[in-house]
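Here this note's numbering is used: the first residue of the sequence shown is 26, the next is one more, and so on.
By construction, the Cβ of each residue, glycine as well, lies at the ideal position given by its N, Cα and C atoms.
For reference, the structure is listed below as structure tokens.
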Amino acid sequence: MSDTVEPINWHQASGGDVRKLRDAFGTFLTGVTVVTTLDDKGNPYGFTANSFTSVSLDPPLVLVCIAKSAYSLSVFTKAKSFSVNILKESQGDISNKFASQSASKFDGVEITGDDSFGIPLINNSASAFLCANYNTMDAGDHVVLVGRVIKFYTVPSNPLAFYRGGYIKISAKEQPITPKKLAKMKVGCLVSDNNGVYLVRDKNNGTWSIPSRHWLENETQEVATQKVLSSIGISGEMSFIYSVFREDGESHNTMVFRGDITSTAMDSCGDLEVKVFNSTDIPWEFVKGNYTRSMLSRFFKEKNVDSFGVYCEPVSDGKVASITSDELMNP
Ligand SMILES: Cc1cc2nc3c(=O)[nH]c(=O)nc-3n(C[C@H](O)[C@H](O)[C@H](O)COP(=O)(O)O)c2cc1C
Numbered sequence: 026m027s028d029t030v031e032p033i034n035w036h037q038a039s040g041g042d043v044r045k046l047r048d049a050f051g052t053f054l055t056g057v058t059v060v061t062t063l064d065d066k067g068n069p070y071g072f073t074a075n076s077f078t079s080v081s082l083d084p085p086l087v088l089v090c091i092a093k094s095a096y097s098l099s100v101f102t103k104a105k106s107f108s109v110n111i112l113k114e115s116q117g118d119i120s121n122k123f124a125s126q127s128a129s130k131f132d133g134v135e136i137t138g139d140d141s142f143g144i145p146l147i148n149n150s151a152s153a154f155l156c157a158n159y160n161t162m163d164a165g166d167h168v169v170l171v172g173r174v175i176k177f178y179t180v181p182s183n184p185l186a187f188y189r190g191g192y193i194k195i196s197a198k199e200q201p202i203t204p205k206k207l208a209k210m211k212v213g214c215l216v217s218d219n220n221g222v223y224l225v226r227d228k229n230n231g232t233w234s235i236p237s238r239h240w241l242e243n244e245t246q247e248v249a250t251q252k253v254l255s256s257i258g259i260s261g262e263m264s265f266i267y268s269v270f271r272e273d274g275e276s277h278n279t280m281v282f283r284g285d286i287t288s289t290a291m292d293s294c295g296d297l298e299v300k301v302f303n304s305t306d307i308p309w310e311f312v313k314g315n316y317t318r319s320m321l322s323r324f325f326k327e328k329n330v331d332s333f334g335v336y337c338e339p340v341s342d343g344k345v346a347s348i349t350s351d352e353l354m355n356p
């Protein structure tokens, strides 16, 4: 995908349109943190900040910028310690709460008191850094709070992200492939055992092809491949995508999964003729389709060296991306 190139329109940063400058700053995607501390009477303070940056590993330093207009400015500049809590995707309401000037920001928010500093920590955040005040620097309409990280924790989670003035979700949840997204698709199985590859004969014209069927709406890849295998009376594990192509003259793409047979009951495949071929006895002239022949030929070569690729290109100029067994084991 290529970005459209717009003509550059420079703006003066000082004395110009502050909104435009804010908008430009807002194109930098950030996470969201809540920074907390206690005043000298032990009252908790906190504000939402996306200006958090890691600064140094040795010594471990982070920074966050607080606006001089913030109600809690003087508390934070005087504080000897503070915490930075990196919020999870599910903690947008906490971000909103601490972005307000409400006097009761901490009400209803689950807090853990840290044992060494007593600083309030937001429960269940993605990561938290307990910092000793290392330095504060005047910086225009903000003050930079630099903290030396004393302790931290982190848990695997999807972070809350902030972009162009709003929260966005950046988590990519894996979904089973369904043909809603893949219109007119056939699913094919390149299933093999020690003797070779399983092919099915077309009763009408005598040609051989890999077992396949139309991929029905809302069928997951697992269901679709298992139905293909059971139609020829075998079971197997079709774990790897191997090829996507469209044979000349066909109106559907075929997505082929590769795997090994786990059991066989060949008598249950009705009147279908199923046979196992190896690279020397396969009747190439009766294998249907240029792409299928080329895929099978590649398969036999790759099986020899136990190193498989993925072919992807429905029309022409297809490419095979190599996946070796080592890469699969150690991604
Ligand atoms: C996503 C987001 C990020 C923010 N980042 C900052 C920031 O980095 N520094 C800052 O001073 N205020 C930031 N704010 C605004 C403060 O959270 C807000 O002004 C808050 O009221 C300050 O609290 P206080 O006035 O009680 O001290 C941010 C607000 C939002 C919603």
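Do you know offhand how far residue i's Cα is from residue j's?
| i | j | result |
| --- | --- | --- |
| S10 | N183 | The displayed coordinates of the chain run from 26 to 356. Any statement about residue 10 would go beyond what the structure contains. |
| N148 | Q126 | 21 Å |
| P145 | D42 | 38 Å |
| I259 | T287 | 8 Å |
| A186 | V109 | 16 Å |
| I348 | D166 | Below a pLDDT of 50, predicted positions are generally treated as unreliable, and I348, at 49, falls in that range; no measurement from the model is reported. |
| G314 | V80 | 59 Å |
| N219 | W233 | 20 Å |
| K205 | G334 | For K205, the predicted model reports a pLDDT of 48, less than 50, meaning its position is unreliable; a value from the coordinates is still stated below. Approximately 26 Å, taken between the alpha carbons. |
| R226 | D306 | 15 Å |
| V134 | M162 | 30 Å |
| K113 | D83 | 27 Å |
| I195 | Y159 | 32 Å |
| E275 | R238 | 14 Å |
| F77 | V60 | 9 Å |
| L224 | L297 | 10 Å |
Return the Cβ separation of residue i and residue j in integer angstroms, given the expectation that the two are a contact with Cβ distance under 8 Å.
| i | j | result |
| --- | --- | --- |
| T62 | A104 | 4 Å |
| L155 | S106 | 7 Å |
| G231 | V301 | That belief does not hold up - the Cβ atoms of G231 and V301 are roughly 18 Å apart, past 8 Å. |
| V212 | M280 | 6 Å |
| F177 | S152 | 6 Å |
| P69 | F142 | Going by Cβ atoms, the distance from P69 to F142 rounds to 12 Å, so no, they are not a contact pair. |
| G56 | I111 | 6 Å |
| I235 | T289 | Actually they do not touch by this definition, with Cβ atoms about 16 Å apart. |
| C90 | V174 | Not confirmed; about 17 Å, so no contact. |
Locate the beta strand (DSSP E) running through residue i, then write down its first and last residues.
| i | result |
| --- | --- |
| T62 | 58 to 63 |
| V301 | 298 to 302 |
| F177 | 167 to 179 |
| V253 | Premise fails: V253 lies in the alpha helix (DSSP H), 246 to 256, not in any beta strand (DSSP E). |
| T52 | Per DSSP, T52 belongs to no beta strand (DSSP E) and is neither H nor E. |
| E262 | 259 to 270 |
Provide the residue span of the alpha helix (DSSP H) that contains residue i, from first to last.
| i | result |
| --- | --- |
| G117 | 117 to 123 |
| T102 | 98 to 103 |
In chain order, what residues of the same chain lie with their CB nearer than 7 Å to the CB of residue i, ignoring the 5 residues before and after it?
| i | result |
| --- | --- |
| G261 | V216, L254, G284, D285, I286, T287 |
| S293 | Bear in mind that a pLDDT of 49 at S293, under 50, signals an unreliable position, so the number given afterwards is only what the model happens to contain. Closer than 7 Å at Cβ, skipping near neighbours: G258. |
Beta-carbon within less than 8 Å of residue i's beta-carbon, same chain only, minus the 5 sequence neighbours each way: which residues are those?
| i | result |
| --- | --- |
| I266 | M280, V281, F282, R283, V335 |
Once you ignore the five residues that flank residue i on each side, which residues in its own chain have a CB closer than 6 Å to its CB?
| i | result |
| --- | --- |
| S39 | none |
Relative to ligand 2, is the shortest distance from any of its heavy atoms to the C-beta of residue i smaller than 8 Å?
| i | result |
| --- | --- |
| A104 | Ligand 2 is absent from the structure shown, which contains only ligand 1. |
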